[in-house]
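In terms of the numbering used here, the sequence shown opens at residue 53 and continues consecutively. All C-beta atoms in this analysis are idealised placements derived from N, C-alpha and C, irrespective of residue type, glycine included. Here is the structure we will look at, set down as structure tokens.
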Amino acid sequence: MVVQKFGGTSVADPDAVRRLIGIARAARARDGCGPVLVVSAMSQVTDALLTSAAEAGASRSESALAHVEPLRERHLAMARALVSDADLGALTSHIEQQFEQLAAIVKALAVLREVSFRTLDVVAAMGELLSSRIIAAALVHAGLPGEWVDARRAIVTNDDHTRACPLMRETTATLRASVLPVVEAGRVPVLGGFVGATVEGHTTTLGRGGSDYSAAIVGAGIDAAEIQIWTDVDGMLTADPRVIPQSRLVPRLSFAEAAELSYFGAKVLHPSTIHPAVERDIPVRILNSRKPDGEGTLITAEPAPGDDQLTAMAAKRDLTVIDITSSRMLMAYGFLRRVFEVFERFRTAVDVVTTSEVSVSVTVDDRRHLEAIVDALSEFAEVSVEPAMALLCAVGDRLRNEPAIAARVLRVLEEVPLRMISQAASRRNITVILRQADLPHAMHRLHEEFFA
Ligand code: ADP
Ligand code: ASP
Ligand code: MG
53 MVVQKFGGTS VADPDAVRRL IGIARAARAR DGCGPVLVVS AMSQVTDALL TSAAEAGASR
113 SESALAHVEP LRERHLAMAR ALVSDADLGA LTSHIEQQFE QLAAIVKALA VLREVSFRTL
173 DVVAAMGELL SSRIIAAALV HAGLPGEWVD ARRAIVTNDD HTRACPLMRE TTATLRASVL
233 PVVEAGRVPV LGGFVGATVE GHTTTLGRGG SDYSAAIVGA GIDAAEIQIW TDVDGMLTAD
293 PRVIPQSRLV PRLSFAEAAE LSYFGAKVLH PSTIHPAVER DIPVRILNSR KPDGEGTLIT
353 AEPAPGDDQL TAMAAKRDLT VIDITSSRML MAYGFLRRVF EVFERFRTAV DVVTTSEVSV
413 SVTVDDRRHL EAIVDALSEF AEVSVEPAMA LLCAVGDRLR NEPAIAARVL RVLEEVPLRM
473 ISQAASRRNI TVILRQADLP HAMHRLHEEF FA
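Set out below in structure tokens:
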């Protein structure tokens, strides 16, 4: 049995959901059971919900409500297009009820002028909770035995709201109690992705793009044969197609390569997706929901090596470089500990680190606590901050054994001013930090050299 996850554009409108149903039907015919479906909110819904909450927090309640009103209409229209009269009444009154509740929350936030991460999660989760209900009903209408499963009862997380992590032991138990019986009864479970709840039952979300992660968690929890990520591109491509239109499909990837690519910015997979799959050695396949017959990208532990020297590249924008300099650092042990304690205290992840005798440079993409971090570091070092930086990362298992490839990467980039260069112990990637303005040119150069 397979877990199939459909992203925002793959559930964006009634036609997209009809394609989803066709794909699920084919999997069921092939496997004789399942599939388990994990669905995103319809495209742009999460953005609108978060904007609405932000507007409410700034006390602009009319603007906040104006952002949710079109969502109500869109969900109702979707229900009407996909669900038969017999079931429509119950579904539309559920949708109306949810939007009434949302309006009440938004108004309360506007009065309080404050949005906690916990409330933000309640609002953000609505997109997936609604889409999954509608799609479960749409399956039934199309003759497939869909059954909605509440993701808040299936995925148990810690309380790090807006970027919660699953508690795998608890989650495996809840998944076996909530999803498996539905499959065993011959039905098709439909869960909203991105959403979970704490042990106490407070709604959480897994971070933007987190529905991929939900699918992998579900796949690992029920020991699925495969985790399929259905999206709007043919699979993992050699580069972000929005920057490099001529990027091409990477048919096979190792888990390690996929983890590096998603961590360093290939948006097609949420960075945590691979971990649950690795743990249970479950293949992950990325597929295009508009081209169900495409081969997609198959991600496994040890795929046969391809012909290309590099496998793909990834990039991240809006990074900040922080330079931390101390003349006293010379030979001083404990300095790095002090530096990283600051990042730990403010729960800010560092992506790339380079050091010299007297300085450490790090990159961060979460700027929420930047000012406080700089203040804390300034207590024992000189600190300078450079915004609008980008990271470009070339990934490939062959980098490990063929040192000439890294040299070739740097040679291609010789006219681009590089701020930091890093290759970590895995030696599966070579990463450079450069000015954001130079990124498109650098990506084109690299792509032409390795993938043209
Ligand atoms: P979904 O809504 O299905 O989760 P996302 O928008 O999160 O889809 O991810 C798919 C998008 O990721 C693609 O439309 C593409 O623009 C972007 N992307 C960035 N880098 C890559 C890459 N290397 N390969 C494929 N897609 C990529
Ligand atoms: N809807 C969520 C988001 O937009 C999660 C997802 O689609 O993966 O971030
Ligand atoms: Mg996504």
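Counterpart residues of residue i in DSSP-defined beta bridges
| i | result |
| --- | --- |
| D339 | Note that residue 339 is Leu in the sequence shown, not Asp. Answer by DSSP bridge pairing, in chain order: W282. |
| S436 | D375 |
| G317 | None; G317 has no bridge partner. |
| R304 | L350 |
| C85 | Per DSSP, none; premise fails for C85. |
| K57 | V90 and I281 |
| G244 | V91 |
| T47 | Outside the shown range of the chain (53 to 504) lies residue 47, about which nothing can therefore be said. |
| M441 | L371 and R487 |
| E309 | Partner(s): none; E309 has no beta bridge. |
| A446 | M365 and I482 |
| G26 | Nothing can be reported for residue 26: it is not among the residues displayed for the chain, which extend from 53 to 504. |
| L289 | L301 |
Integer-rounded CB distance, given that residue j should sit under 8 Å from residue i
| i | j | result |
| --- | --- | --- |
| T372 | M441 | 7 Å |
| A308 | S478 | 7 Å |
| S263 | E199 | In fact, because the Cβ distance is near 19 Å, the residues do not count as touching under 8 Å. |
| A189 | D139 | 5 Å |
| W282 | L339 | 5 Å |
| V447 | A364 | 6 Å |
| H193 | L134 | 6 Å |
| R165 | S111 | 5 Å |
| T257 | A176 | 5 Å |
| V416 | V391 | Contact flag wrong, Cβ pair sits at about 12 Å. |
| I482 | Q488 | Between Q488 and I482 the Cβ distance is about 19 Å, and since that is not below 8 Å, they are no contact. |
| A93 | S183 | 5 Å |
| V235 | I279 | Not a contact, Cβ separation roughly 15 Å. |
| P469 | V295 | P469 to V295, Cβ: 19 Å. No contact. |
| V208 | L219 | 5 Å |
DSSP-derived helix/strand/coil call for residue i
| i | result |
| --- | --- |
| P218 | strand |
| S136 | coil |
| R205 | helix |
| Q298 | coil |
| I482 | strand |
| E166 | coil |
| V235 | helix |
| D211 | coil |
| A367 | strand |
| R250 | The residue you asked about is not Arg; residue 250 is Thr in the sequence shown. Here T250 sits in strand by DSSP. |
| F503 | helix |
| S413 | strand |
| A356 | coil |
| G171 | Just to set this straight, residue 171 is Thr in the shown sequence, not Gly. Note: T171 maps to helix in three-state DSSP. |
| R471 | strand |
| T406 | strand |
| E454 | coil |
| E396 | helix |
| L465 | coil |
| Y41 | A question about residue 41 goes unanswered here, because the residues of the chain that appear run from 53 up to 504. |
| T98 | helix |
| S324 | coil |
| P344 | coil |
| H146 | helix |
| E331 | helix |
| A477 | coil |
| S111 | coil |
Residues near residue i by beta carbon distance below 8 Å, same chain, minus five either side
| i | result |
| --- | --- |
| R205 | T226, S230 and A249 |
| A424 | F398 |
| R480 | A308, E309, E312, V447, G448, D449, L451 and R452 |
Same chain, Cβ closer than 6 Å to residue i, neighbours up to 5 away in sequence not counted
| i | result |
| --- | --- |
| V174 | T255 |
| R497 | V464 |
| S95 | G60, T61 and A64 |
| L444 | A367, V484 and A494 |
| G261 | H322 |
| E431 | none |
| D403 | T415 |
| A318 | A366 |
| F503 | T290 |
| V405 | V414 |
Same chain, Cβ closer than 7 Å to residue i, five either side skipped, listed in chain order
| i | result |
| --- | --- |
| V97 | L123 and G179 |
| R450 | P357, Q361 and I457 |
| V330 | F307 |
> Counting Cβ pairs, one atom from each stretch, are 3 or more of them under 8 Å apart for the segment 341-356 and the segment 287-307?
Replying inline: yes
>> I want to know whether the segment 53-64 touches the segment 77-88 - three or more CB-CB distances under 8 Å.
In response: yes
> If we count Cβ pairs, one from each stretch, closer than 8 Å, do we get three or more for the segment 300-307 versus the segment 233-247?
Replying inline: no
> For the segment 141-160 against the segment 55-69, are there 3 or more C-beta pairs whose distance is under 8 Å?
Replying inline: no
>> Within 8 Å, do at least three Cβ pairs link the segment 382-392 to the segment 322-335?
In response: no
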